[in-house]
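One structure is given below, encoded as structure tokens.
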Amino acid sequence: MAERVEIFDTTLRDGEQSPGSSMDEHEKLQMAKQLDRLGVDIIEAGFPIASKQEFEGVRKIAQHVENARVAALARSLPSDIERAAAALEPAKRPVLHTFIATSDIHLEHKLRMSRQEVLDNAAKAVALAKKLVGRVEFSAEDATRSDWDYLVEVTKVAIEAGADVINLPDTVGYTTPSEIRGMFEHVIKNVPGSEKVIFSSHNHNDLGLAVANALAAVQGGARQIECTVSGIGERAGNTSLEEVVMAMRTRHDVYDFDCGVESLELVPSSSLLTKITGLHIPYNKPIVGRNAFAHESGIHQHGMIANRQTYEIMTPESVGRSRSELVLGKHSGRAGLASRSEELGYNLSEAELKDLYERFIDLADKKKEVYDDDLRMLIVSLHNESFEVYHLTDLRTSGNDPAMALVSLRKGEEAFTDTATGDGPVHAACMAIERIVGVSGRLEQFDVRATTPGKDALGEAYVTVAFGEKTYKGNGASTDIIRAAVSAYLNALNKYLALSESFEKA
Ligand SMILES: [Zn+2]
Numbered sequence: 393m394a395e396r397v398e399i400f401d402t403t404l405r406d407g408e409q410s411p412g413s414s415m416d417e418h419e420k421l422q423m424a425k426q427l428d429r430l431g432v433d434i435i436e437a438g439f440p441i442a443s444k445q446e447f448e449g450v451r452k453i454a455q456h457v458e459n460a461r462v463a464a465l466a467r468s469l470p471s472d473i474e475r476a477a478a479a480l481e482p483a484k485r486p487v488l489h490t491f492i493a494t495s496d497i498h499l500e501h502k503l504r505m506s507r508q509e510v511l512d513n514a515a516k517a518v519a520l521a522k523k524l525v526g527r528v529e530f531s532a533e534d535a536t537r538s539d540w541d542y543l544v545e546v547t548k549v550a551i552e553a554g555a556d557v558i559n560l561p562d563t564v565g566y567t568t569p570s571e572i573r574g575m576f577e578h579v580i581k582n583v584p585g586s587e588k589v590i591f592s593s594h595n596h597n598d599l600g601l602a603v604a605n606a607l608a609a610v611q612g613g614a615r616q617i618e619c620t621v622s623g624i625g626e627r628a629g630n631t632s633l634e635e636v637v638m639a640m641r642t643r644h645d646v647y648d649f650d651c652g653v654e655s656l657e658l659v660p661s662s663s664l665l666t667k668i669t670g671l672h673i674p675y676n677k678p679i680v681g682r683n684a685f686a687h688e689s690g691i692h693q694h695g696m697i698a699n700r701q702t703y704e705i706m707t708p709e710s711v712g713r714s715r716s717e718l719v720l721g722k723h724s725g726r727a728g729l730a731s732r733s734e735e736l737g738y739n740l741s742e743a744e745l746k747d748l749y750e751r752f753i754d755l756a757d758k759k760k761e762v763y764d765d766d767l768r769m770l771i772v773s774l775h776n777e778s779f780e781v782y783h784l785t786d787l788r789t790s791g792n793d794p795a796m797a798l799v800s801l802r803k804g805e806e807a808f809t810d811t812a813t814g815d816g817p818v819h820a821a822c823m824a825i826e827r828i829v830g831v832s833g834r835l836e837q838f839d840v841r842a843t844t845p846g847k848d849a850l851g852e853a854y855v856t857v858a859f860g861e862k863t864y865k866g867n868g869a870s871t872d873i874i875r876a877a878v879s880a881y882l883n884a885l886n887k888y889l890a891l892s893e894s895f896e897k898a
């Protein structure tokens, strides 16, 4: 029987800390529920000491995740570990993940500690973590650039202090498949008690080797892979969850290992992440990219018609792609919408469903076919409005040079209307919003794309807006691209208003 490899997802921790991927508490929770449906073994929810918001985010996930273990990260400091343990308190199956660097370059320039000091520190940290939380993972940061014999010592100390999982990360994306395999073999062979713990591999993709290195680590004895949806993460990202899972499944003859991931949820998970963060997935990205299963050349098409196996090593259906093409129409009715939303993993209340249905009919009027991605986008905007301070009630724009915009907003019972001019209709509308709200934002990033194919597609807009020192992300969707952009700007503004204290006092 094939051995089991655990999938440790760090989309919400390592992934989330990369630029452009930040998520608020609610978005993290939405993603965590999807990861739970995807069947990952562990969800790393965040780094609780980083901020109050981060702490609350981890706590919420710990409360709501049903099946997966929930992990929180802590440096090897008592304050970090206590904070992480407190955030994990509601979790059914918590994992405390603590780390310290082990490479000489980190010891000398970052930690300014001797090898002995690091050993003492690791032992104390693991022992404290073990006292507070039942399951502890210890990571030797920058393991792949550490002395292998020193890694053996650190691992030994961590196991003696009670660690259940030993992670040897390639923090800087530097190692190669044969090297990492050798490292795991060396440590596992030389550490007394190595058979009592699970070894884990965490890789970065700076040289494009993250997936290959993770698979080689498994061949060297690792039984846990740390990865992220679509490979998001610091710099060039982490090991792509969907790639590593489908490599083990498609080449089971070479990688004789099983994991608990439900592959039908791979594409939906990547889709949801894109909706939440606005991140672009390259068209040629394996498994989840738009073109990953598209056969354009005539020779390929001819072969595919004769027999799909001529050019297809796995089917798009097996990774959940055909499901995302399911189409709802105007006549699908409320029951159809409700069951589809549920299948996509949303548990909506009666009131939310009613609201969603109105929007759905509205969209179905403009666009004959409503795809799953359209539905996800509608649900994301529904959430955006749940904490709205100002709601967009009317928008009219004209001309281009200069453009004119008339904007009507509602705040509770109050209604406001103003007009402004600007360089283009979106700018003019933002200026009008500024006049009404009295807050000035600077648009730092602006990205527009179509959710689904077709001339009448739903347009999605993603913006990053700076208000003073802080930046907020906003998104919006509409069949009218200008309205989508203005909604996205207003969404960012609403986040700023809802989160800034000065506003509460005012
Ligand atoms: Zn990392």
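Under the numbering used here, read the sequence shown as residues 393 to 898, first letter to last. Heads up, the beta-carbon is just placed ideally off N, CA and C, and yes, glycines get one too.
According to the DSSP assignment, Gly-449 belongs to no beta strand (DSSP E) but to the alpha helix (DSSP H) extending over 444-456. Counting C-beta pairs closer than 8 Å gives three or more between the region 866-879 and the region 845-857, which meets the contact rule. Around the Cβ of Ile-551, a 10 Å sphere holds 16 or more other Cβ atoms; the residue is buried. The alpha-carbon separation between Gly-860 and Ala-884 amounts to approximately 13 Å. C-alpha of Val-680 to C-alpha of Ser-622: approximately 7 Å in a straight line. A distance criterion of 6 Å places the beta-carbon of Asp-539 beyond contact range of ligand 1, judged by its closest non-hydrogen atom. Taking C-beta separations shorter than 7 Å and ignoring five residues to either side along the sequence, the partners of Ala-477 in its chain run Leu-488, Leu-524 and Val-525, following chain order. No Cβ-Cβ contact shorter than 7 Å links Gly-625 with Val-659. Taken in chain order, the unbroken stretches of alpha helix (DSSP H) that lie wholly in the region 604-651 and span 4 residues or more are 633-642. For Asp-562, the shortest separation between its Cβ and any heavy atom of ligand 1 does not lie below 6 Å. Contact between the region 764-776 and the region 792-803 is absent: fewer than three C-beta pairs spanning the two stretches fall below 8 Å. For Ala-884, there is no enclosing beta strand (DSSP E); the enclosing alpha helix (DSSP H) has its first and last residue at 873-891. Ligand 1 has no heavy atom closer than 6 Å to the beta-carbon of Asp-650.
Sequence-distant partners of Asp-472 (beyond 5 residues in either direction) whose C-beta falls short of 6 Å from its own C-beta, in its chain, are Ile-441 and Ala-466. Around Val-579, the same chain offers Leu-543, Val-544 and Thr-547 as residues with beta carbons nearer than 6 Å, after the five sequence neighbours per side are excluded. The DSSP assignment places complete alpha helix (DSSP H) segments of no fewer than 4 residues inside the region 451-534 at 470-480 and 507-524, in order along the chain. One thing to note: Arg-573 has its Cβ within 7 Å of the Cβ of Gly-612. Ranking Leu-798, Val-772, Pro-411 and His-694 by CA distance to the CA of Thr-813 puts Leu-798 first. Membership of Thr-669 in the alpha helix (DSSP H) is indicated by the continuous run 658-669. In the structure shown, the three-state DSSP call for Glu-861 is coil. Residue side-chain check: Asp-496 keeps its Cβ at 6 Å or more from all non-hydrogen atoms of ligand 1.
Considering only Ser-832, Ala-464 and Ala-858, the residue with the shortest C-alpha distance to Ile-435 is Ala-464. Taken in chain order, the complete alpha helix (DSSP H) segments of 4 residues or longer contained in the region 741-813 are 742-758 and 764-778. Under the three-state reduction of DSSP, Val-589 is assigned to coil, being neither helix nor strand. In summary, Gln-616 is buried, with 16 or more beta-carbon neighbours lying within 10 Å of its beta-carbon over all protein chains present.
Collapsing the DSSP output to three states places Asp-562 in a strand.
Taking 7 Å as the cut-off, the Cβ atoms of Asn-886 and Val-772 do not count as close.
In the structure shown, Leu-850 adopts coil according to DSSP, grouped into three states.
In the structure shown, Ser-870 falls within a strand segment according to DSSP collapsed to helix, strand and coil. Scanning the region 704-736 for uninterrupted beta strand (DSSP E) segments of 3 residues or longer gives nothing; none is fully contained. Only residues of its own chain outside the window of five on either side were considered, and among them Ser-531 and Glu-533 have a CB closer than 6 Å to the CB of Phe-491, listed in chain order.
Between Leu-664 and Leu-671 a beta carbon distance of about 11 Å is seen, past the 8 Å cut, so the two are scored as non-contacting. Rounded to whole angstroms, the gap between the alpha carbons of Gly-833 and Gly-412 is 18 Å.
Exposure of Ala-698 is indicated by the presence of fewer than 16 other C-beta atoms within 10 angstroms of its C-beta. Taking every protein chain shown into account, the CB of Met-823 has 16 or more other CB atoms within 10 angstroms, so this residue is buried. A Cβ-Cβ distance of about 24 Å is found for the pair Ile-825 and Met-415, leaving them out of contact under the 8 Å criterion.
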